[in-house]
Amino acid sequence: MNKTAIFFGPLNGSVHRVAEKVRDEIGAEKVEMVPVKDASAADLEKYDKIIFGISTVGSETWHSTYSNADWGKFLPEVDKVRYEGKTLAIFGLGDHITYARTFVDHIGLLANALKKNGAELIGKVPADEYEFEDSKAIEDGKFMGLPVDEDFEPELTDERVKKWIKQIRPAFGF
Ligand SMILES: Cc1cc2nc3c(=O)[nH]c(=O)nc-3n(C[C@H](O)[C@H](O)[C@H](O)COP(=O)(O)O)c2cc1C
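Just so you know, the sequence shown maps onto residues -8 to 165 in my numbering.
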């Protein structure tokens, strides 16, 4: 399918809101919104161009009743798919003040799951554009996706999304 899919979760929070900003910046008619809650490996297979939206909620909540259990359920589906030849990028919600030492860790968690299955990710972002102490999302001085902090830097979100879409546009061919 030629459309870009945004696989995002959980519903109705910051990830959802930013996913809609990403969609609008690309152009809604070029995008399919896919909540990961009920998605499967077969849904991932359908698309050659995928943007993932995830938040970091700490490993202790990963399998709990907190709504990010959406990703807890979906990650095994991610593991079933091969990603060679697909165009892929990640944005991730986090909180750089309260969780400075684990800032957007789940960008890293997801990126590593994808890379294990042949993915090449685009849309990396220099770490020095953010204040934080540590993150599992960093590789060679770059975040493996776009960090967004709606808790403490919501005023920066629109500009971050705009700049990032501009960066990934050529590879995605929006
Ligand atoms: C229980 C809990 C744990 C969190 N742990 C982290 C963390 O380790 N790193 C981080 O960057 N943000 C962390 N956050 C912040 C969330 O990622 C942030 O609030 C995000 O915007 C939530 O988006 P969502 O509501 O769409 O899931 C945590 C939030 C909660 C509630």
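For glycine and all other residues, C-beta sits at the position ideal for the given N, C-alpha and C.
Check: residue i C-beta below 6 Å from any heavy atom of ligand 2
{"i": "Asp142", "result": "Although ligand 2 was asked about, the structure shown includes only ligand 1 as ligands."}
Proximity test, residue i beta-carbon vs ligand 1 heavy atom, cut-off 6 Å
{"i": "Val13", "result": "no"}
{"i": "Phe90", "result": "Reading off the sequence shown, one finds Tyr at residue 90, where the question assumed Phe. Indeed, a heavy atom of ligand 1 lies less than 6 Å from the Cβ."}
{"i": "Pro1", "result": "yes"}
{"i": "Leu84", "result": "yes"}
{"i": "Val25", "result": "no"}
{"i": "Gly95", "result": "Here residue 95 turns out to be Val, not Gly, going by the sequence shown. Yes; taking the cut-off as 6 Å, the Cβ of Val95 has a heavy atom of ligand 1 nearer than that."}
{"i": "Ser46", "result": "yes"}
{"i": "Ser5", "result": "yes"}
Boundaries (first-last residue) of the beta strand (DSSP E) holding residue i
{"i": "Ile42", "result": "40 to 46"}
{"i": "Ala(-4)", "result": "-5 to -1"}
{"i": "Gly18", "result": "Looking at the DSSP string, Gly18 is not in any beta strand (DSSP E), and its letter there is neither H nor E."}
{"i": "Leu137", "result": "137 to 139"}
Which listed residue (the options) has its alpha carbon closest to that of residue i
{"i": "Val25", "options": "Ile17, His7, Glu16", "result": "His7"}
{"i": "Lys(-6)", "options": "Gly18, Lys106, Ser5, Gly85", "result": "Gly18"}
{"i": "Lys153", "options": "Leu137, Ala162, Glu141, Phe143", "result": "Leu137"}
{"i": "Asp149", "options": "Ala162, Ser5, Pro1", "result": "Ser5"}
{"i": "Tyr90", "options": "Leu35, Trp155, Glu36, Lys127", "result": "Lys127"}
{"i": "Arg73", "options": "Gly99, Lys37, Gly85", "result": "Lys37"}
{"i": "Val116", "options": "Asp29, Ser46, Val139, Glu144", "result": "Val139"}
{"i": "Pro145", "options": "Leu35, Val9, Glu20", "result": "Val9"}
{"i": "Asn103", "options": "Met135, Asp131, Ala118, Thr78", "result": "Met135"}
{"i": "Ser170", "options": "Phe143, Pro1, Leu147", "result": "One cannot answer for residue 170 here, as it falls past the ends of the chain, which runs -8 to 165."}
{"i": "Tyr121", "options": "Leu101, Asn3, Glu20, Phe143", "result": "Phe143"}
{"i": "Leu147", "options": "Phe165, Leu84, Pro67", "result": "Leu84"}
7 Å Cβ cutoff met for residue i and residue j
{"i": "Ile(-3)", "j": "Val22", "result": "yes"}
{"i": "Asp61", "j": "Val95", "result": "no"}
{"i": "Asp125", "j": "Arg92", "result": "yes"}
{"i": "His97", "j": "Phe123", "result": "no"}
{"i": "Ala162", "j": "Ile113", "result": "yes"}
{"i": "Gly44", "j": "Phe(-1)", "result": "yes"}
{"i": "Glu141", "j": "Gly109", "result": "no"}
{"i": "Ala118", "j": "Gly99", "result": "no"}
{"i": "Ile156", "j": "Glu16", "result": "yes"}
{"i": "Lys77", "j": "Asp39", "result": "yes"}
Cβ distance (whole Å) where residue i is taken to contact residue j below 8 Å
{"i": "Val13", "j": "Phe82", "result": "7 Å"}
{"i": "Val48", "j": "Leu105", "result": "19 Å between Cβ atoms; not a contact."}
{"i": "Ala80", "j": "Ile159", "result": "5 Å"}
Bounding residues of the alpha helix (DSSP H) (the contiguous stretch that carries residue i)
{"i": "Ile81", "result": "Ile81 -> not in any alpha helix (DSSP H); beta strand (DSSP E) instead, spanning 78 to 84."}
{"i": "Asp142", "result": "Unbroken run through Asp142: none, as it is neither H nor E."}
{"i": "Arg151", "result": "148 to 163"}
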